[in-house]
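Chemist: Be aware that the sequence shown starts at 1269, since it is given in our numbering, and climbs by one per residue. For glycine and all other residues, C-beta sits at the position ideal for the given N, C-alpha and C. Computed from a predicted structure; not experimentally measured. Structure incoming, see below.
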Amino acid sequence: MNIKDYGWNDFFETQWKETAERIMFPGRIIADFGQQLKVMTDSGELTVGRPLQKEGNSLQLAVGDWVGLETVQGADTLVRFVLTRKTKFSRAAAGIEVKEQIVAANADTVFIIQSLNRDFNMKRLERYMIAAWDSGAVPVVVLTKADCCGDTADKLGMVYGTAPGVEVHAISSVTGQGIEDIRKYLLPGKTVALLGSSGVGKSTLVNTLAGEEILKTQSIREDDSRGRHTTTHRELVLLPGGGLILDTPGMRTLSLWDSDTGMDIMFRDIEELVLKCRFHDCKHRDEPGCAVREALETEKLEKKRWDSWLKLQKEIAFMESKKDGKQRLQEKQWGRQLSKYQKNFAKGKF
Ligand SMILES: Nc1nc2c(ncn2[C@@H]2O[C@H](COP(=O)(O)OP(=O)(O)OP(=O)(O)O)[C@@H](O)[C@H]2O)c(=O)[nH]1
Ligand SMILES: [Mg+2]
Ligand SMILES: [Zn+2]
């Protein structure tokens, strides 16, 4: 049985070939200007409108996404759907509404960028690391402005201690230190997303890697060393060597949207300890047989680390309690996809 049995003939077949077969084509979102998106397609760059987000519609688009496009005869090109993402770096959107904000889609590597000056903050780094592991991409820590900081070695040591197994680089866009080392992540067809606070030198790094001034940069404030939020939209840049780099506006805060894998990876020791408590619902206060208390008393577990874990757990549980059923289901599906991906990564099949 086929549709010919139902009257499908050359008359319809010809129409089909003329329209449907050639109306859909793929494109990648390379810049996000809010209502407008810039998309790269086989026939060049296009500007398309962001599809209206109806209530309950989960079509969220982000720079790095691959989309199915359709050119309506003689009119605009429309985004019809978004292809399933290989990775997504998310955070909880700012504001009262409980919403996921995708910061970067389909990145292979995320550079977590902090500068070695006053911006350097281990707690923040921990947070970015968790979100990065949850994104499905491989995190790499990049410490910028090595030219103006005397204690680089100490800070590198601290990062190695907090993020075991993660590569860490100290670089300078001024002296060129470390720049050649990080080019290895920028392979043809691979995408690196840059994430960090304002003023750490993300756009400067893109310009340094590109060898020309593609993006606008601006000096940090003298009084408190903070950035001026120079970059205002996300943009994907194709480097001369073929790698793709996704610049983002500096984030003020990174509120975790969801974490399972990321917390597991970053706090494996604590997650294992908790399982050793005598009572499965142990609150780790004064219950007998509490493995956490024992580890704290014998200093096997650092108090600082335990406090971090508690705070992050609380934050994640709070976010979870605010989500509706649909959001939770989407998270679950993402979690499953991610764990498959992480397993392959652990096996070196990446
Ligand atoms: N000394 C020194 N300054 C740097 C380095 N990299 C960047 N800067 C300076 O830091 C300032 C901020 O750099 P940007 O590249 O605009 O920072 P950004 O991270 O893109 O900031 P936002 O777009 O606001 O998120 C500029 O004045 C840069 O020249 C570096 O390696 N060494
Ligand atoms: Mg910038
Ligand atoms: Zn306990």
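1) Determine the direct distance from the alpha carbon of A1373 to that of R1536, and round the result to whole angstroms.
2) With a threshold of 7 angstroms, establish whether the CB of A1559 neighbours any heavy atom of ligand 3.
3) Pull up the distance between the alpha-carbon of E1565 and that of C1558, whole angstroms please.
4) So if I measure from each beta-carbon to every heavy atom of ligand 2 and keep distances below 7 angstroms, which residues remain?
5) Is there at least one non-hydrogen atom of ligand 3 closer than 7 angstroms to the beta-carbon of H1552?
6) Find the nearest neighbour of L1463 within the set D1491, P1407 and K1484, judged by alpha-carbon distance.
7) If we count the other Cβ atoms within 10 Å of its Cβ and call it buried at 16 or more, is R1596 buried or exposed?
8) Once DSSP output is grouped into helix, strand and coil, what is the label at R1496?
9) Would you list, in sequence order, the uninterrupted beta strand (DSSP E) runs of no fewer than 3 residues that lie entirely inside the segment 1305-1373?
10) DSSP puts P1407 in a beta bridge; with which residues?
11) Is D1415 helix, strand or coil when you go by DSSP?
12) Look up F1279 in the DSSP assignment and say whether it is helix, strand or coil.
13) To the nearest angstrom, how far is the alpha carbon of V1368 from that of I1482?
14) Could you give the distance in angstroms between the alpha-carbon of Q1598 and the alpha-carbon of A1299?
15) Determine the burial state of A1400: buried for a count of at least 16 other Cβ atoms within 10 Å of its Cβ, exposed for fewer.
16) V1350 and L1320 - do their beta-carbons sit closer together than 8 angstroms?
17) So, at 6 angstroms on beta carbons, what are the nonlocal neighbours of L1305 in its own chain, with the 5 sequence-adjacent residues on each side left out?
18) Buried or exposed: where does L1569 fall if 16 or more other Cβ atoms within 10 Å of its Cβ makes it buried?
19) Out of M1426, P1294, R1489 and F1547, point me to the one whose CA is closest to T1352's CA.
20) Just to confirm, does E1539 get its C-beta within under 7 angstroms of one of the non-hydrogen atoms of ligand 3?
Modeler: Answer, in terms of the structure:
1) 26 angstroms
2) yes
3) 11 angstroms
4) Ordered along the chain, residues surrounding ligand 2 are K1470, S1471, L1483, T1485, T1498, T1499, D1515, P1517 and G1518 [Cβ under 7 angstroms from any heavy atom].
5) yes
6) P1407
7) exposed
8) coil
9) 1312-1317, 1334-1339, 1345-1350, 1356-1360 and 1368-1373
10) V1378
11) helix
12) helix
13) One detail in the question is off: residue 1368 reads as Glu in this sequence, not Val. If I take the Cα positions, the gap works out to 30 angstroms.
14) 25 angstroms
15) buried
16) no
17) I1297, V1316 and R1318
18) buried
19) P1294
20) no
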